[in-house]
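For the sequence shown, position 66 matches number 87 in this note's numbering, and the numbering has no gaps at all.
Heads up, the thing below is written out as C-alpha cells.
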Amino acid sequence: MKICWYNQQQLGAIVDGKVHDVSAALEALPAARYPAAPGDLLCANLDTLRGAIERLLPGAASIPVAQARFLSPVANPGKIIGVPVNYADHVAEANADQATFTDRYKGPIREQGLFLKAASSLVGPAEGVALRFPQRLTHHELELGVVIGKTAANVPLDQALSYVAGYAIALDMTVRGPEDRSLRKSVDSYSVLGPWLVTADEIADAQQLGMRLTVNGAPRQQANTAEMIIGIAEQIAWASSYYTLYPGDIIMSGTCAGVGQVLPGDLIECAIDGVGAMAVAVRAGGN
Ligand code: MN
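Listed below in C-alpha cells is the structure:
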C-alpha cells in the first residue's frame with residue numbers, strides 16, 4: 022500500500038495514479054494523551070490503519086497524483102538517522118575534493134558512525150527546500166528513506182528488516198563546511214521525504230532498487246541500493262545497538278556519487294524504483 026499525507030493534512034492512499042482521500046481512517050488511531058508514547062502515532066498503528074483504509078477505498082473521493090501537494094508521509098518522527106559515506110563512488114568523490122567535503126570526521130563508515138538530523142528539518146516535496154545560507158555551498162543527496170514501524174532495541178541482524186514499516190524517497194540536503202553534520206544537515210526543510218510511504222510488503226528487495234536524481238533536467242545522481250557499503254538491515258541493527266528506534270523514525274541510508282550544488286529556482290526531480298518519483302523546488306529562504 023502507498024500511503025500519503027497531502028494537501029490540507031489529509032490522509033491518502035495511492036491507487037491507479039490517483040490519491041484517494043481516506044482521512045476518515047484516522048478515526049481508527051488511539052486518542053493521544055499526555056505524555057504521548059514515543060513515536061509517530063500513524064506509523065505505530067499502521068496495521069490497524071491499513072484495515073480502515075481498505076474499507077474506505079471503494080467509496081473514497083480521489084484526485085490525480087499530479088494534482089496533489091505531498092507533505093512528508095511521516096508527520097512526527099522522533100529522529101532522523103543519517104548514514105554517511107555509504108556508497109563507494111560517493112566516498113571517492115569526497116576524497117577527491119577535500120576542499121569541498123570538509124567533514125570533520127574522516128575514515129570509513131564504521132569509524133565515522135551514524136549521525137542525527139533534527140526532526141524539525143523534515144518537509145514533504147510540495148513544501149520545497151528553502152536555502153538558508155545562499156553564500157554557502159548547499160548540496161542535494163538522494164537517498165532511500167527507511168521508516169521504522171516497531172520499537173527496536175538491540176535488534177539482531179537477521180530480524181532487522183521486520184522492523185521496517187516502509188520506504189520513501191529521501192533528500193539529505195547538506196550545507197558543506199567544517200561544522201558537525203548534525204548542524205549543517207538540520208536546517209529547516211533540509212530533510213525531504215516523499216512522495217508517499219510504500220509499505221514494506223510492496224518492496225521485494227530494498228537492496229535492489231535503482232535511484233536517480235536530476236536538477237533542472239540534467240542528470241546528477243544514479244545508483245542502485247545494491248551498492249550500499251552497509252545495508253539497511255545492518256543500519257537498523259547498528260543504530261538500535263546505541264539507541265531505541267521508535268515507529269516513525271527515519272533512516273536516510275546514504276547517498277551515491279553526483280551530489281552537487283542547488284540554487285534558488287532549481288527543480289530537483291528524483292525517483293526510486295518501486296517507490297515513486299517526486300519533484301522538489303528550491304527557493305531562497307530563511308535568514
Ligand atoms: Mn547523506
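We put the CB at the ideal spot given by N, CA and C, even for glycine.
Going by DSSP, what residues sit across from residue i in a beta bridge?
i	result
ILE190	LEU165, GLY215
ILE159	Inspection of the sequence shows that residue 159 is occupied by Thr rather than by Ile. VAL196.
GLN119	DSSP, once it has assigned bridges, lists no residue as partnering GLN119.
ARG233	GLN243, ALA292
LEU143	SER212
GLN12	This structure does not reach residue 12, given that the chain is present from 22 up to 308, and the question cannot be answered.
MET249	TYR108
LYS138	ILE101
ILE84	VAL40
My output table needs one value for residue i: the three-state DSSP class, helix, strand or coil.
i	result
SER207	coil
GLU310	Given that the chain is displayed from residue 22 to residue 308, the structure contains no residue 310 and the question cannot be resolved.
VAL36	strand
ARG153	coil
ASP180	Residue identity differs from the one stated: residue 180 is Gln in this sequence, not Asp. Reduced to three states, the DSSP call for GLN180 is helix.
ILE101	strand
ALA305	strand
ILE224	coil
PRO79	helix
ALA173	strand
VAL95	coil
Determine the contact status of residue i and residue j, defining contact as a CB-CB distance below 7 Å.
i	j	result
CYS64	GLY269	yes
ASP193	GLU148	no
HIS9	ILE289	Because the chain in this structure spans residues 22 to 308, residue 9 falls outside the shown range and cannot be described.
ALA181	ALA254	yes
MET249	GLY275	yes
PRO285	LEU92	no
VAL144	VAL36	no
VAL176	ALA258	yes
ILE130	VAL167	no
ARG202	PHE136	yes
PRO94	TYR267	no
VAL43	VAL86	no
ALA73	ALA46	yes
ALA247	MET232	no
ALA174	SER83	no
LEU234	CYS291	yes
ALA5	SER207	A question about residue 5 goes unanswered here, because the residues of the chain that appear run from 22 up to 308.
THR69	ALA52	no
GLN282	ILE272	no
task: Could you tell me whether the segment 228 to 239 touches the segment 99 to 113, where touching means 3 or more Cβ pairs closer than 8 Å?
output: Because the criterion of three Cβ pairs below 8 Å is not met, the segment 228 to 239 and the segment 99 to 113 do not touch.
message: Quick check on the DSSP output: what are the complete alpha helix (DSSP H) runs of length 4 or more inside the segment 251 to 303, in order along the chain?
response: Whole alpha helix (DSSP H) segments, 4+ residues: 253 to 261.
query: With a cut-off of 8 Å, do at least 3 Cβ pairs link the segment 215 to 226 to the segment 181 to 200?
result: Taking one beta carbon from each stretch, the segment 215 to 226 and the segment 181 to 200 have 3 or more pairs nearer than 8 Å; the two touch.
query: For the segment 40 to 72, which segments carrying the alpha helix (DSSP H) assignment without a break, of at least 4 residues, lie completely within its bounds, in sequence order?
result: Taken in chain order, the complete alpha helix (DSSP H) segments of 4 or more residues contained in the segment 40 to 72 are 62 to 65.
- prompt: Would you call the segment 60 to 77 and the segment 102 to 117 in contact, with 3 or more CB pairs under 8 Å?
  reply: Taking one beta carbon from each stretch, the segment 60 to 77 and the segment 102 to 117 have fewer than 3 pairs nearer than 8 Å; the two do not touch.
- request: Determine contact between the segment 75 to 93 and the segment 116 to 125, defined as no fewer than three beta-carbon pairs at a distance below 8 Å.
  value: No contact exists between the segment 75 to 93 and the segment 116 to 125.
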